[in-house]
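Everything on this sheet refers to the single structure shown next.
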Amino acid sequence: MGARQKEVIRVVLDTNVLVSALLFKTALSKIIALWQTGAIIPVISKATFQELRSVLEYPKFALTQDEIRAMLEQEILPFFEVIDITEEVRGICRDPADDKFLSCALAASADYLVSGDKALTDLKQYKTVKIITPFDFLKTFD
Numbered sequence: 001m002g003a004r005q006k007e008v009i010r011v012v013l014d015t016n017v018l019v020s021a022l023l024f025k026t027a028l029s030k031i032i033a034l035w036q037t038g039a040i041i042p043v044i045s046k047a048t049f050q051e052l053r054s055v056l057e058y059p060k061f062a063l064t065q066d067e068i069r070a071m072l073e074q075e076i077l078p079f080f081e082v083i084d085i086t087e088e089v090r091g092i093c094r095d096p097a098d099d100k101f102l103s104c105a106l107a108a109s110a111d112y113l114v115s116g117d118k119a120l121t122d123l124k125q126y127k128t129v130k131i132i133t134p135f136d137f138l139k140t141f142d
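Residue numbers (my numbering): 1 to 142.
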C-alpha cells in the first residue's frame, strides 16, 4: 500500500490577518512561511483582494503605490489561488462587510477562515468552514 498523501489546507485569511502578517514582524509572520512553503493554499476573491489593496493604501501604513504593487505581485499573487464567487453570502455575519470572506471561503471549499475579527470568530463555523483566530490556526502547525 502506498502512503496516503496529506491534503493541503485551503484557507481564507481576512484582511487584518494578511496586513499584520505582511507589514509587522509578529507571530503572524509565520503564516507567510506556511503559504510560501506550500503548507497551506491561501485563497482570495476579487472582493477580498480589493479590500486588501485598499487597506494597504491607508496613510497610516505610509506605503507607496510601488511598494503596494511589489508586495501584491511578490507575496500574494504567486501563492494565492484567486477564486470566483459563485454564490454571495448575505446577512450571516453581524458586520455585513465581512460576509465577503464567508463567500470566498465557501466558493473555495476552504477548510478555515482565519480572522481576528470577533464578528467572524464568534460564528465559529459556517457550513463546512471552521472560523478561527490566527493564533489558534498557527497552533495546528506546532
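The beta-carbon is built from N, C-alpha and C at its ideal position, and this holds for glycine as well.
Alpha carbon to alpha carbon, what distance is there between residue j and residue i?
i           : j           : result
residue 112 : residue 15  : 14 Å
residue 77  : residue 132 : 24 Å
residue 87  : residue 108 : 11 Å
residue 66  : residue 84  : 27 Å
residue 53  : residue 27  : 22 Å
residue 29  : residue 94  : 28 Å
Got a sec? Which residues, its chain only, sit under 6 Å from residue i by beta carbon, not counting five neighbours each side?
i          : result
residue 12 : 43, 101, 104, 105, 110 and 113
Go ahead and label residue i buried or exposed: buried means 16 or more other beta carbons lie within 10 angstroms of its beta carbon, across all protein chains shown.
i           : result
residue 128 : exposed
residue 134 : buried
residue 140 : exposed
residue 64  : exposed
Leaving out five residues on either side along the sequence, give the residues of the same chain with a beta carbon under 7 Å from the beta carbon of residue i.
i           : result
residue 23  : 61
residue 98  : 117, 119 and 120
residue 124 : 131
residue 18  : 52
Would you mind reading off the limits of the beta strand (DSSP E) that contains residue i?
i           : result
residue 43  : 40-45
residue 13  : 9-13
residue 81  : 81-83
residue 130 : 129-132
Near residue i, which residues of its chain fall below 8 Å by C-beta distance, leaving aside the five closest residues on each side in sequence?
i           : result
residue 143 : Here the chain comprises residues numbered 1 to 142, so residue 143 is not present and cannot be evaluated.
Would you check if the distance between the CB atom of residue i and the CB atom of residue j is smaller than 8 Å?
i          : j          : result
residue 36 : residue 79 : yes
residue 8  : residue 40 : yes
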